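S.K.: Read the sequence shown against our numbering and you will find it ends at 617, with the numbers running on by one and no gaps.
Each residue gets a CB set at the ideal place from its N, CA and C atoms; glycine is no exception.
Quantities reported herein were computed from a predicted structural model and do not represent experimental measurements.
For reference, the structure I am asking about is given below.
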Amino acid sequence: MKNILVTGAFGQIGPELVPALQQKYGIKHVIAAGFQAIPSTFKGKSLILDVTAMDKLESIVKENSITEIYHMASIRTTDGEKNPDLAWEININGLKNILNVARDHQIKVFWPSSIAGFGITTPRDLTPQHTVQEPTTIYGITKKTGEILCNYYFHRYGVDVRSIRYSSIISWIHPPGNGTSDFVEGMFYGAVQQGAYECFVSPETRIPMMYIKDVIRATMMLMEQPPGNITIRTSYNIAALDASASELASAIQKRTPLSITYKPDSRDLIAKSWPNSLDDHRARRDWGWTPEYDLKKMTKEIVENLQRKFK
Numbered sequence: 307m308k309n310i311l312v313t314g315a316f317g318q319i320g321p322e323l324v325p326a327l328q329q330k331y332g333i334k335h336v337i338a339a340g341f342q343a344i345p346s347t348f349k350g351k352s353l354i355l356d357v358t359a360m361d362k363l364e365s366i367v368k369e370n371s372i373t374e375i376y377h378m379a380s381i382r383t384t385d386g387e388k389n390p391d392l393a394w395e396i397n398i399n400g401l402k403n404i405l406n407v408a409r410d411h412q413i414k415v416f417w418p419s420s421i422a423g424f425g426i427t428t429p430r431d432l433t434p435q436h437t438v439q440e441p442t443t444i445y446g447i448t449k450k451t452g453e454i455l456c457n458y459y460f461h462r463y464g465v466d467v468r469s470i471r472y473s474s475i476i477s478w479i480h481p482p483g484n485g486t487s488d489f490v491e492g493m494f495y496g497a498v499q500q501g502a503y504e505c506f507v508s509p510e511t512r513i514p515m516m517y518i519k520d521v522i523r524a525t526m527m528l529m530e531q532p533p534g535n536i537t538i539r540t541s542y543n544i545a546a547l548d549a550s551a552s553e554l555a556s557a558i559q560k561r562t563p564l565s566i567t568y569k570p571d572s573r574d575l576i577a578k579s580w581p582n583s584l585d586d587h588r589a590r591r592d593w594g595w596t597p598e599y600d601l602k603k604m605t606k607e608i609v610e611n612l613q614r615k616f617k
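What follows is the structure, given as structure tokens:
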């Protein structure tokens with residue numbers, strides 16, 4: 307039986323990933339690790355873990371006979387620009403600890419990369435699997451570095467590490483933060499709560515997106531594949547949908563009133579350094595990836611959920 311550790315379990319993806327893993331493998335076989343505090347509403351096994359503390363990580367792995375790690379802990383784009391040293395410490399040294407413990411204890415690892423690992427010199431339309439990667443943020447630099455580390459640990463030590471280059475992840479569960487792609491959630495929340503939103507990217511700024519349900523499905527789908535199906539050990543491109551800020555606004559306006567204004571800030575430049583769309587033929591060929599949510603379906607589900615939430 308699998309025993310799974312999820313780091314960063316209470317961040318952006320973990321609150322959706324952990325319940326999905328619990329449902330599939332049993333609540334007793336999934337441990338949710340948070341950095342500072344465990345939400346009082348959480349149901350399941352949990353603990354506090356600083357991923358840079360190798361001794362604690364190793365103890366947890368041994369005591370719980372961990373067989374798989376979903377390493378979701380990271381410092382994201384905007385916060386990384388405020389504290390590059392911390393971003394490197396968590397995103398790279400933390401990953402290296404995970405890979406070392408996986409090497410020593412024969413653990414399968416999932417680690418998420420990101421489209422932030424590309425850059426302004428990358429072809430922006432249907433960005434290839436193998437292409438120029440010159441990221442312009444410390445977060446993107448750590449993702450590119452992490453991809454190389456994962457590939458190295460697979461070829462040098464045989465660590466079964468798997469990765470996806472996540473697009474902008476869209477969810478309605480939590481209010482938007484200050485991240486570069488949070489204009490998407492911000493637009494949904496603004497529409498449902500106030501009927502208005504001031505967008506911090508330009509109307510023409512286009513980014514690839516993925517609804518959280520597709521994110522969770524892709525992540526678990528990749529981890530369930532036999533090793534022979536995995537031909538990319540850096541990180542897979544996967545695609546679901548892409549839209550400009552103005553196209554997103556139009557989709558929302560078909561569901562609920564929205565008055566939109568645009569006031570681009572520094573995050574607009576970051577978003578413009580990302581791809582417009584991704585070529586994901588390797589993921590489709592190797593492990594049968596296909597998305598279930600397009601812009602219309604995602605918009606309908608998010609608006610309906612937020613309307614119920616704020617009724």
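Would you mind giving the Cβ-Cβ distance between G469 and Y542, rounded to the nearest angstrom? I have them listed as a contact below 8 angstroms.
M.R.: The sequence given here has Ser at residue 469, not Gly. Correct: roughly 7 angstroms between the Cβ atoms.
S.K.: Bridge partners for D586 per DSSP, in chain order?
M.R.: Answer is none; D586 lacks a bridge partner.
S.K.: According to DSSP, simplified to helix, strand and coil, what is P514?
M.R.: P514 falls in the strand class under three-state DSSP.
S.K.: Pick from S487, A379 and K351: whose alpha carbon is nearest that of V415?
M.R.: Ranking the options by Cα distance to V415, first place goes to A379.
S.K.: What's the gap between the Cα of I319 and the Cα of A326?
M.R.: Each residue's Cα considered, the two are about 11 angstroms apart.
S.K.: Using C-beta distances below 6 angstroms, list every residue in its chain close to Q435, excluding the 5 sequence neighbours before and after it, in chain order.
M.R.: Result list for Q435: N543 and R588, in chain order.
S.K.: So, do the segment 344-351 and the segment 379-395 have three or more beta carbon pairs nearer to each other than 8 angstroms?
M.R.: No: fewer than three Cβ pairs fall under 8 angstroms.
S.K.: In terms of alpha-carbon separation, which member of P345, I476 and K330 lies closest to L547?
M.R.: Nearest of P345, I476 and K330 to L547, Cα basis: I476.
S.K.: Taking the alpha helix (DSSP H) that Y459 belongs to, which residues open and close that run?
M.R.: Y459 -> alpha helix (DSSP H) spans I444 to Y463.
S.K.: For the beta strand (DSSP E) that L363 lies in, which residues bound it at each end?
M.R.: Looking at the DSSP string, L363 is not in any beta strand (DSSP E); the run it does join, the alpha helix (DSSP H), is M360 to E369.
S.K.: For V312 and A339, I'd like the C-alpha separation in whole angstroms.
M.R.: For V312 and A339, the distance between alpha carbons rounds to 6 angstroms.
S.K.: Quick check on this structure: which residue in Y445, I366, E598 and D592 has the alpha carbon closest to the alpha carbon of P532?
M.R.: That would be D592, whose Cα lies nearest to the Cα of P532.
S.K.: Looking at the strands, I want to know which residues DSSP matches up with H377.
M.R.: H377 pairs with T313.
S.K.: Whose C-alpha, out of G594, F424, C505 and P581, is nearest the C-alpha of L554?
M.R.: Ranking the options by Cα distance to L554, first place goes to C505.
S.K.: Using alpha carbons as the reference points, say which of N309, P345, I344 and G317 lies closest to I333.
M.R.: If we check each option's Cα against that of I333, N309 comes out closest.
S.K.: With a threshold of 6 angstroms on Cβ separation, who are the neighbours of G425 within its own chain once the five nearest residues in sequence on each side are excluded?
M.R.: If we look at G425 and ignore the five residues flanking it on each side, its Cβ neighbours are E440, P441, T442 and S579.
S.K.: Taking the CB atoms as reference points, tell me whether G386 and I337 lie closer together than 9 angstroms.
M.R.: Contact flag unset, no.
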